[in-house]
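There are 4 protein chains.
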Amino acid sequence: MEIEDTFAEAFKMYIGRYMITAMTRRWAFLSAQESKGLGMSATLGPGEAGIESEVRIDQSPDHRPGYILDVGHRDKDQLEYWLVARIRKGALPVPTTSVFDAMPKDVLRYQIDLKGTPIQLFGDGYEEEVEKYGRILYRIPKMDGFFHVETKFGVARGIAGGNFLILGESQAAAMTAAEVAVDAMKEVPFVFNPCAGGIAASGTKVGGRKYGDAVATTNDAYCPSIREKVENTRIDAGVNCVYEVFVNGLYVESVERAMKIGIEAATTVKGVRKISAGNYGGNLGKTLIPLKKVLNLG
Amino acid sequence: MEIEDTFAEAFKMYIGRYMITAMTRRWAFLSAQESKGLGMSATLGPGEAGIESEVRIDQSPDHRPGYILDVGHRDKDQLEYWLVARIRKGALPVPTTSVFDAMPKDVLRYQIDLKGTPIQLFGDGYEEEVEKYGRILYRIPKMDGFFHVETKFGVARGIAGGNFLILGESQAAAMTAAEVAVDAMKEVPFVFNPCAGGIAASGTKVGGRKYGDAVATTNDAYCPSIREKVENTRIDAGVNCVYEVFVNGLYVESVERAMKIGIEAATTVKGVRKISAGNYGGNLGKTLIPLKKVLNLG
Amino acid sequence: MEIEDTFAEAFKMYIGRYMITAMTRRWAFLSAQESKGLGMSATLGPGEAGIESEVRIDQSPDHRPGYILDVGHRDKDQLEYWLVARIRKGALPVPTTSVFDAMPKDVLRYQIDLKGTPIQLFGDGYEEEVEKYGRILYRIPKMDGFFHVETKFGVARGIAGGNFLILGESQAAAMTAAEVAVDAMKEVPFVFNPCAGGIAASGTKVGGRKYGDAVATTNDAYCPSIREKVENTRIDAGVNCVYEVFVNGLYVESVERAMKIGIEAATTVKGVRKISAGNYGGNLGKTLIPLKKVLNLG
Amino acid sequence: MEIEDTFAEAFKMYIGRYMITAMTRRWAFLSAQESKGLGMSATLGPGEAGIESEVRIDQSPDHRPGYILDVGHRDKDQLEYWLVARIRKGALPVPTTSVFDAMPKDVLRYQIDLKGTPIQLFGDGYEEEVEKYGRILYRIPKMDGFFHVETKFGVARGIAGGNFLILGESQAAAMTAAEVAVDAMKEVPFVFNPCAGGIAASGTKVGGRKYGDAVATTNDAYCPSIREKVENTRIDAGVNCVYEVFVNGLYVESVERAMKIGIEAATTVKGVRKISAGNYGGNLGKTLIPLKKVLNLG
């Protein structure tokens, strides 16, 4: 089993972080899933989103069970648009939900103000600003009571594109290793994985060779199924499947730590031939994360 | 318990219907959830979407477990954009998935051609058109093999806005009745419910009274929490919570049947005071569905 | 990939089949899981049990969502004891549940009468026999209303021990193949799989070589981890993991059909080296199911 | 809303506490559910069992995801029998599992030795004692590798029968309050709830009035459906449904704390008329837990 001497190429992303709570854990989870949806892949539509972790009642402002979500976008305006849309479509309509800002102060860059957005306007004048739990909230009437939502949501300049690639001798081996990795990484706070089930089957390269206008196209160099057709294939003999595990996060240290834990877990699975990482030759991202470095973390 | 003599005001919507299959039921479900996300509320962003039903292996083209999803939008171009985005972001990146058109022929209006969309372009020239399972598919290389996706997806003119309102003496009664209704309605094919967990807490009215430019604002007439402030409140004494159950679908008959089953199930729950339905006075939608009519269905 | 020319050795088992319904699908499922628990492995305690399938409201006597369970035991008295205990502990205490007999008439051998069991006695004289849905039920008061349970439950002489073994080049390959098989087999009615997640990691042989008094001990011949120490190992070079998929059922035809579907699905997974089946040399069971035969089924 | 001035009558129970880990969280959970099954109600068969909490990889001996379970029985021999059976049937056959003792030292009374039980004997001489993670484990070959299980499991004298009753004006209100309570109580360690979904619909009284030989029969005094027939009914006018929430645990302090949190959460739900507690007049249990006392905890 080889750890390739390469690096994940990460870049800066605007990130929001919020907590959805509800009467029961089940309703909080249903809301979190809806709010997180369409959150894979930065190259289209609603940007990225992931459920970071569960929150116990002693960890939430309103003493109810909940989930922390992170949403990200490379474009500032798009982040604002989609953070609002994710709360508007993923939480406001769901029974008994409330939404709180969960951005740590030390990385806070600026705040998105809900005033004038479809969330505040939804109240049609019946909404009120109230102080509760030491926070300023909108209290917006809905049919089952009031929807409480913080008036402002913090934004950080975080990290997108932390990742590693699992090259397996079989699809089963690569997937099992990826699942083991994703579960293990759950212990690290302040990071999120935008993929459904935590695993990406579709690596991408920037732009296209044949389709020059495309924003992103298949990472042909890592597709075993066309190995014969691709000049610069990175697929060695014996490798038949590749999965990618992404880690975005507020702190580069958290991203690195999650990568370390994930890689170490993945390599416990038999049939993994190599660990590599997705990058663009170092030209795109500002943050290069060498695999050797993360594996040497204390 | 009263059934109000009113009607659900439904309108025409462009609807696509597709099936996601995967190696295991679990991966098909994770993909379906991601693809369905942000699918509540027609008034913002990605339109509506819902998981219609589970598919057994003897019911899918590739003999694998799967789910049928429906996506809808009032705007034709928006439907095309978001159907493509939901497949691109919700299925293509997910391990082992395939996506098939599932539109019945008798309601097919036209087809969305994936040629030139980010899905086909993702192949960067390595994609091929193949005939498989009696269908024409794109075979697009991804890191775990090939992504198979039908080249064209049918669109119907279906029904949005089938609905009924459950007015309960308590939040618990209204929610329990809504849950019972949503589970019961699962037996009807060709309909979908866009809400997370199937229940809407945020009824809407078109536009706003105070905020004139808003697309949709809270249905104040049905908000018990502001009953005192709303002139034309529809909340009688004794009602303390309202939930709405939506039904969209390909056929008005299916929508009516699902409403009948849902209402009959909801009214078995103690603490339901009244069943009503959301409408806009009959001015907005072309399809008025009287509650009395659906309850008299054979 | 080789299909070994061998047979699954099945034997007769007393089987009961019942349906748990509840107000919502979620409560029916929670009850079914509790009632099914401790249902793996015939050699100890509560015998075998499995959740066969989901039931829609139009398929249940009381028009509520539910699940069908099968429970089995080789010993007639033990079956009676544990069928009663599984209903008493797995359904009676759970909110809103009812339990109905679901034994098809054509295989019915005799009926277990709840009279005098801890279920009927639970009523302490407040229970009543009522006719409902064309059945005779006990109506037993509990704190949230009444528990309805059929007064008699049918028993059949069914089949236990239908099975096949998946020998994989890696743990990941064998497990993935087993998962694919288990999901595929879900389309066959009247069979059940007693294992958690449908997969057995612990094959057994009857009795013990070293521990002569043991009822069942590890199937050493199929343990790759001790291949070097076992004289008559069945583990060829290149095999590193084995999983077993069990199928019990009311009809030998259903068991055979499920085996066929499962084996065909398992062999689509790369890294499976061989399919075999568990047997005891043909001395224990009365029903020998050759793999070649099931694979030739139409 | 009234808190009745009464007490929960708890009694001593032998309790074991163990951790199941597996390759992925999903397999750990499937095993935990199977192992916990048939764990409601102390009056029959396998005693009580519950899943206490999730365990992250940095909290488990083998750095894998897992769950902590508690099992209890009033009878010492029965506890030993069923703790062994729950591990034998609920964990040993499940892919990739390991089982560790999780009993805190300060309450450890004695240890159950697996030597000579069906778990150790399963190895048929191929099992070995190994030292790993600072523990003494059996390493028992199974078809997917080795099953690691601690050789000895600690037993404590803990508390059974902590509980409170939720008397609701409707079934929906009582159930919703119970769900809210159960979710809230999840923050307290060292306690477990044996009920499926955490809620008991079947209160019991010791013995029977009419059926004198019965071990336990319906708690008729708390059954609204037979209020008219029961002389000493405790169901006031306006109460139509009762649910009971149980809390067992290693420490009386933890049980009290969980009761406090649960009751406080339950009483946030509209439609709850009264909180009471199940007791037997103080004659059965050695530990009386007054509701007023727990609500006054700091």
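Protein chains in written order, with this note's numbering: chain X, 1 to 298; chain B, 299 to 596; chain U, 597 to 894; chain F, 895 to 1192.
Note that the Cβ used here is the ideal one computed from N, Cα and C, for glycine as well.
Predicted, not measured: the structure shown is a model, and the values here were computed from it.
Discussion item. Could you give the first and the last residue of the continuous alpha helix (DSSP H) run that contains valine 255(X)?
Written reply: Residues 252-266.
Worksheet item: Measuring CA to CA, which of Ile559(B), Val528(B), Gly459(B), Thr474(B) is closest to asparagine 577(B)?
Response: Nearest option by C-alpha distance: Gly459(B).
Discussion item. Please tell me whether aspartate 124(X) has its Cβ less than 7 Å away from any Cβ of chain B.
Written reply: Yes, contact with chain B.
Fill in: Proximity winner among Phe1140(F), Lys1168(F), Gly1017(F), Glu1044(F), relative to asparagine 1087(F) (alpha-carbon distances)
Nearest C-alpha to asparagine 1087(F): Phe1140(F).
Practice prompt. Give the DSSP-derived three-state secondary structure of threonine 272(B) in the structure shown.
Written response: Summary: the structure shown does not reach residue 272(B), with chain B confined to residues 299 through 596, and so no result is reported for it.
Worksheet item: Can you give the beta carbon distance from phenylalanine 190(X) to tyrosine 251(X), rounded, assuming they're within the 8 Å contact cut?
Response: Rounded, the Cβ-Cβ distance is 6 Å, consistent with contact.
Item to complete: State yes or no: is the beta carbon of lysine 387(B) nearer than 7 Å to at least one beta carbon in chain X?
Response: By this cut-off, lysine 387(B) is an interface position.
Fill in: Span separating the alpha-carbon of proline 955(F) from that of arginine 1029(F)
Approximately 9 Å, taken between the alpha carbons.
Practice prompt. Name, going along the chain, the residues of the stretch 1143-1164 of chain F whose beta-carbon falls closer than 7 Å to a beta-carbon of chain X.
Written response: If the cut-off is 7 Å between Cβ atoms, the stretch 1143-1164 of chain F has nothing near chain X.
Item to complete: Could you check if glutamate 129(X) is buried or exposed, using at least 16 other CB atoms within 10 Å of its CB as the buried criterion?
Response: Classification of glutamate 129(X): exposed, given that the 10 Å Cβ count is below 16.
Fill in: Contacting positions in the stretch 482-495 of chain B - beta carbon closer than 7 Å to chain U
So the close ones are Ala482, Lys484, Glu485.
Worksheet entry | arginine 1103(F) burial status per 10 Å Cβ neighbour count (16 or more: buried) | Answer is exposed; the Cβ neighbour count stays below 16.
Worksheet item: CB valine 369(B) to CB glycine 421(B), shorter than 7 Å?
Response: Contact: no.
Worksheet item: Under a three-way DSSP split, which group does arginine 982(F) fall into?
Response: Correct three-state label for arginine 982(F): helix.
Fill in: methionine 441(B), DSSP secondary structure in three states
Reduced to three states, the DSSP call for methionine 441(B) is coil.
Worksheet item: Which residue spans inside the stretch 209-233 of chain X form an unbroken beta strand (DSSP E) run of at least 3?
Response: Taken in chain order, the complete beta strand (DSSP E) segments of 3 or more residues contained in the stretch 209-233 of chain X are 216-218.
Discussion item. Relative to the C-alpha of isoleucine 497(B), which candidate in Tyr424(B), Ser339(B), Ile366(B) has its C-alpha closest?
Written reply: From the listed residues Tyr424(B), Ser339(B), Ile366(B), the smallest Cα separation to isoleucine 497(B) is found for Ser339(B).
Worksheet item: Could you give the residue range of the beta strand (DSSP E) that holds arginine 64(X)?
Response: Careful: arginine 64(X) lies outside any beta strand (DSSP E) and carries neither H nor E.
Worksheet item: Under the rule that 16 or more other beta-carbon atoms within 10 Å means buried, what is methionine 895(F), buried or exposed?
Response: Counting the other CB atoms within 10 Å of its CB gives methionine 895(F) a total below 16, which places it among the exposed residues.
Fill in: Bridge partner(s) assigned by DSSP for lysine 1026(F)
Bridge partners of lysine 1026(F) according to DSSP: Arg1029(F).
Fill in: Contacting positions in the stretch 323-345 of chain B - beta carbon closer than 7 Å to chain F
Against chain F - using a Cβ distance shorter than 7 Å - the stretch 323-345 of chain B contributes no residues.
Discussion item. Per the DSSP calculation, alanine 1054(F) is bridged to which residue(s)?
Written reply: In the DSSP output, where bridge partners are listed per residue, alanine 1054(F) has Phe905(F).
Worksheet item: Roughly how many angstroms lie between the CA atoms of arginine 234(X) and aspartate 442(B), to the nearest whole one?
Response: Roughly 14 Å between the two C-alpha positions.
Worksheet item: Should glutamate 1122(F) be labelled buried (16 or more other beta-carbon atoms within 10 Å of its own) or exposed?
Response: Glutamate 1122(F) is exposed by the Cβ-count criterion.
Worksheet item: Quick one: is tyrosine 706(U) buried, meaning 16 or more other Cβ sit within 10 Å of its Cβ, or exposed?
Response: When all chains shown are included, tyrosine 706(U) counts as exposed.
Fill in: Alpha-carbon spacing of alanine 91(X) relative to aspartate 77(X), whole angstroms
For alanine 91(X) and aspartate 77(X), the distance between alpha carbons rounds to 21 Å.
Discussion item. Does tyrosine 912(F) come out as helix, strand or coil in the three-state DSSP assignment?
Written reply: DSSP, read as helix, strand or coil, puts tyrosine 912(F) in strand.
Worksheet item: With 16 as the cutoff for other CB atoms within 10 Å, does arginine 853(U) come out buried or exposed?
Response: Around the beta-carbon of arginine 853(U), 16 or more other beta-carbon atoms lie within 10 Å, marking it buried.
Fill in: Same chain, Cβ closer than 8 Å to alanine 792(U), neighbours up to 5 away in sequence not counted
Short of 8 Å from the beta carbon of alanine 792(U), and not among the five residues preceding or following it, lie these beta carbons of its own chain, in chain order: Met636.
Practice prompt. Using a Cβ cut-off of 7 Å (strictly closer), state whether valine 1166(F) contacts chain U.
Written response: By this cut-off, valine 1166(F) is not an interface position.
Worksheet item: When DSSP builds the beta bridges, which residues end up paired with aspartate 1007(F)?
Response: Answer is Lys1046(F), bridged to aspartate 1007(F).
Worksheet item: For the alpha helix (DSSP H) that valine 1188(F) lies in, which residues bound it at each end?
Response: Looking at the DSSP string, the run of the alpha helix (DSSP H) that includes valine 1188(F) is 1185-1189.
Worksheet entry | Distance, threonine 176(X) Cα to phenylalanine 7(X) Cα | Here the alpha carbon of phenylalanine 7(X) sits roughly 23 Å from the alpha carbon of threonine 176(X).
Worksheet item: Alpha carbon to alpha carbon, how far is serine 574(B) from lysine 584(B)?
Response: Within the model, the alpha-carbon separation for serine 574(B) versus lysine 584(B) is close to 19 Å.
Discussion item. Considering Cα atoms alone, identify which of Lys440(B), Glu346(B), Thr502(B) is closest to threonine 204(X).
Written reply: Nearest C-alpha to threonine 204(X): Lys440(B).
Discussion item. Quick check on aspartate 995(F): buried or exposed, where buried means 16 or more other Cβ atoms within 10 Å of its Cβ?
Written reply: Looking at its Cβ environment, which holds 16 or more other Cβ atoms inside 10 Å, aspartate 995(F) is buried.
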